[in-house]
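Note sheet for the following structure.
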C-alpha cells in the first residue's frame with residue numbers, strides 16, 4: 008500500500024471539502040458564518056449550513072462512491088470500461104425513479120427517505136439480481152454474460168424510459184429530466200443521511216476485500232493458487248459495489264464518467280495496488296465531483312447547471328485522451 | 043502429500059474422459075507428467091491443486107479431503123503455477139511476489155519483516171532481484187514466468203505444481219530452472235512438473251507418469267517409462283529413442299521423415 012499517495016489524495020479531499028462551501032452565486036464570508044454567536048441567525052448562515060455544507064458533503068460521498076465502485080468493478084471484471092452504467096445499475100435505477108415520479112400516488116416520504124430513492128434502489132437491486140442469476144454458472148460467474156446482461160438491461164431501461172417519457176405529462180417530465188441529469192442541489196442533511204444505512208456496510212465490505220482484488224487482476228487459476236476464494240470475493244464485491252452504487256444513484260441520479268475516469272487516473276498516477284487504488288479513488292472521486300458541483304453553481308449563475316452535465320463535458324474528452332494513451336491497455 | 047483416488051473427470055459436452063485410479067504426490071522428489079497434447083496432463087494437475095473439482099473421486103491433502111480445506115490453507119501447502127499467467131494490471135515484480143504471501147497475512151495484507159525476507163529470498167532464488175522494480179510489461183516471456191514462479195514460491199508451499207513452467211525459457215534457463223527445482227527438492231519439497239519436453243523430464247525427474255488419452259499408460263522411473271514400446275505407441279515413427287551420452291537417461295530425437303514416410 009502506498010501510504011504517501013493515500014495521504015496526498017486525502018489532503019486533496021479535505022482541501023476541497025474546506026474550500027468548496029465558500030463557492031457559489033451568493034457570496035458567503037467566514038465572518039458572516041462564524042461571526043455571530045447564534046446558529047442560523049442570518050441568510051448567509053442558512054446558505055452555508057443548510058445548502059452548501061450538505062451539498063458539498065453529498066458531492067464528496069457520492070463522487071467518492073461512484074469512483075470507488077468503478078474501480079472495484081473494473082478489476083473484478085478485468086475490463087477497463089466497467090462502471091455502474093455499463094452494468095445496467097444506473098439505467099434500471101433511473102427507470103425505478105421515473106416510475107415513482109410518473110405516479111404521484113407512489114411519491115412518499117419517510118424521514119430522510121423518499122419513495123423515489125426506494126424505487127431507484129429497487130430497480131438497481133432487481134438489475135443486480137437479474138444479471139447475477141443470468142451469469143452464474145456451476146464453475147462461477149461468467150464475466151462476459153454478466154457484462155452483456157448489464158448492457159442489455161441498460162438498453163431495455165432506456166427503451167422503457169423513452170416509452171414512459173412519450174406517455175408522461177410535462178410536469179413529471181421536467182422533474183424526471185432534472186433527476187436524470189444528475190443533481191446534488193439538496194437542502195438540509197436528509198439526502199446524505201438517507202444514503203448512509205446502505206452505503207456504510209457496502210463500502211466497509213469493499214475495503215475489506217481490497218487485498219483480494221489485487222489477485223483478481225491475475226487470472227482465476229493464479230488467484231485460486233494464491234489461496235483466494237474467488238467465488239466468495241466476486242459475490243461479496245458484486246453485492247457491495249452494487250449496493251453502494253445503487254444507494255448513490257438513487258439520491259443523486261445517474262452522474263456519469265466519475266466512476267470511469269477517476270480509477271484510471273489513480274492507477275496511472277499511483278500504481279495498481281488496490282489497497283491504494285480504492286481509498287485514492289474515493290478521495291479523488293469525491294473531490295472531483297465537489298469541484299464539478301462548485302463549477303455547476305457558478306458557471307451560469309444565478310442559474311445552476313446539473314452537475315451531470317459538467318462531469319460529462321469534462322469526462323468525455325478526458326476519456327478520449329485516455330483511450331488514445333499508449334498506457335491505456337494496461338490501465 | 044497429495045493422494046488422488048478413483049478420479050474421473052469429464053468436461054460438459056465432451057466425450058473425452060480423464061481416468062486416474064490412483065495418483066500420489068510425495069515430498070522430496072520431482073514427478074514429471076508427460077504425454078502428447080490433449081492427454082489430460084494439465085487437467086490432472088489442476089485436480090491435484092484443488093483448482094478443478096473432478097466429476098468423481100477424492101483428492102486428499104495430508105489425508106484430509108481437499109473439499110473440506112479452506113483455500114488459504116491449501117495455498118500454504120500447495121503452490122500452483124498455471125500454464126497461462128498474466129495480469130490485467132501492470133504490477134511490479136515485487137508487488138507480484140508480495141501477493142504470494144496472501145495466505146499468511148491478515149485482513150489488509152500488511153507484510154511483516156519475515157514476509158519481506160521470504161519475498162527477497164524468492165526473488166533471489168529465481169534471479170529476479172535486479173528486476174524487482176520492473177513492471178510485468180517490461181519483462182520477456184521467460185522473465186515473466188520466473189516472476190510468477192517467485193510469487194508461488196513466496197507461499198512457502200510443501201508441494202509445488204507447475205504446468206509447462208519452461209515453455210518460454212531458452213535451453214540455458216531451462217537447465218537453471220530444473221536445478222532450482224532440484225534445490226527445492228533437496229529441502230524436502232515435492233514438485234510436479236507437467237511438460238511436453240520428454241528429454242528434460244527424463245533427465246531431472248525421479249519419477250514419471252506418461253498420460254495418453256486421459257489414462258496413465260506407464261509410470262515409474264524414467265528408464266522404465268520412456269521405452270521403445272511406449273514411444274512407438276504414442277509418437278509412431280516420428281522420433282528416435284536414444285540415451286543421454288553423459289547420464290544414460292532415455293532421450294528422444296526428432297526423425298527427419300523422407301517424402302515416402304510422410
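Residue numbers (the working numbering), protein chains in the order written: chain A, 8 to 338; chain V, 43 to 304.
Even for Gly, the Cβ is constructed at its ideal location relative to N, Cα and C.
* To do: Measure the Cβ-Cβ separation of residue 205 of chain V and residue 236 of chain V and say whether it is below 8 angstroms.
  => yes
* Asked: Residues in the stretch 167-189 of chain V with C-beta within 9 angstroms of chain A's C-beta atoms, listed in sequence order?
  -> Close to chain A, meaning a Cβ-Cβ distance shorter than 9 angstroms, are the following residues of the stretch 167-189 of chain V: 177, 178 and 179.
* Asked: Using the C-alpha atoms, what's the distance from residue 297 of chain A back to residue 63 of chain A?
  -> Those two C-alpha atoms are separated by around 6 angstroms.
* Cβ shell of residue 54 of chain A (< 8 angstroms), same chain only, five flanking positions each side left out -> Result list for residue 54 of chain A: 31, 33 and 35, in chain order.
* Asked: Going by the CB atoms, is the gap between residue 269 of chain A and residue 100 of chain A shorter than 8 angstroms?
  -> no
* Could you please tell me which residues of the stretch 133-152 of chain V, in chain order, have their CB closer than 7 angstroms to any CB of chain A? => 133, 137, 141, 142, 144, 145, 149, 150 and 151
* **Segment contact, 8 angstroms Cβ cut-off, at least three pairs: the stretch 267-274 of chain V with the stretch 216-225 of chain V** => No: fewer than three Cβ pairs fall under 8 angstroms.
* For the stretch 193-207 of chain V, which residues have a beta carbon sitting closer than 8 angstroms to at least one beta carbon of chain A? -> 193, 194 and 197
* **Beta-carbon neighbours of residue 39 of chain A, restricted to chain D and to distances below 7 angstroms** => Given the protein chain composition of this structure (A and V), no chain D is represented.
* Beta-carbon contacts of residue 290 of chain A that lie in its chain and below 6 angstroms, excluding the five residues immediately before and after -> 16, 17 and 20
* **Cross-strand partners of residue 107 of chain V (DSSP beta bridge)** => V/102
* Asked: Straight-line CA distance for residue 97 of chain A to residue 67 of chain A?
  -> 19 angstroms
* Which residues in chain V sit within 9 angstroms of residue 241 of chain A, going by Cβ to Cβ distance? -> Within chain V, no residue comes near residue 241 of chain A; the closest Cβ sits about 13 angstroms away, beyond 9 angstroms.
* Per-residue burial, residue 48 of chain V [other beta carbons within 10 Å of its own, 16 or more giving buried] -> The residue in question, residue 48 of chain V, is exposed, as its Cβ has fewer than 16 Cβ neighbours within 10 Å.
* Near-chain A residues of the stretch 100-125 of chain V (beta-carbon distance less than 9 angstroms), N- to C-terminal order -> 112, 113, 114, 115, 116, 117, 118, 120, 121, 122, 123, 124 and 125
* Asked: Near residue 305 of chain A, what residues of its chain come up, given a Cβ to Cβ distance below 7 angstroms and the 5 sequence neighbours on each side ignored?
  -> 30, 31 and 32
* When you compare only the Cα positions, how much space is there between residue 265 of chain V and residue 67 of chain V? -> For residue 265 of chain V and residue 67 of chain V, the distance between alpha carbons rounds to 20 angstroms.
* **As assigned by DSSP and simplified to three states, the class of residue 122 of chain V** => strand
* Grab the span of the beta strand (DSSP E) containing residue 264 of chain V for me, first residue to last. => Premise fails: residue 264 of chain V lies in the alpha helix (DSSP H), 264-267, not in any beta strand (DSSP E).
* Asked: Per DSSP, residue 49 of chain V is paired with what?
  -> V/62
* Under the assumption that residue 79 of chain A contacts residue 258 of chain A (Cβ atoms under 8 angstroms), give the Cβ distance between them as a whole number of angstroms. => That belief does not hold up - the Cβ atoms of residue 79 of chain A and residue 258 of chain A are roughly 20 angstroms apart, past 8 angstroms.
* So, does the CB of residue 85 of chain A fall closer than 8 angstroms to a CB anywhere in chain V? -> yes
* Asked: Under the rule that 16 or more other beta-carbon atoms within 10 Å means buried, what is residue 1 of chain A, buried or exposed?
  -> The question about residue 1 of chain A has no answer, for chain A in this structure spans 8 to 338.
* Asked: For residue 187 of chain A, which residues from the same chain have a beta carbon less than 7 angstroms from its beta carbon, with the 5 sequence-adjacent residues on both sides left out?
  -> 101, 260 and 261
* Below 8 angstroms between beta carbons: does that hold for residue 145 of chain V and residue 197 of chain V? -> yes
* Considering only residues of the stretch 177-250 of chain A, which uninterrupted alpha helix (DSSP H) runs meet the minimum length of 4 residues and lie entirely inside it, listed in chain order? -> 177-187, 197-215, 217-223 and 227-232
* Asked: Is there contact here, the stretch 95-104 of chain V with the stretch 49-56 of chain V, by at least three beta-carbon pairs under 8 angstroms?
  -> Cβ pair count under 8 angstroms is three or more, so yes.
* Taking the DSSP output, what are the residues bridged to residue 249 of chain V? -> V/73
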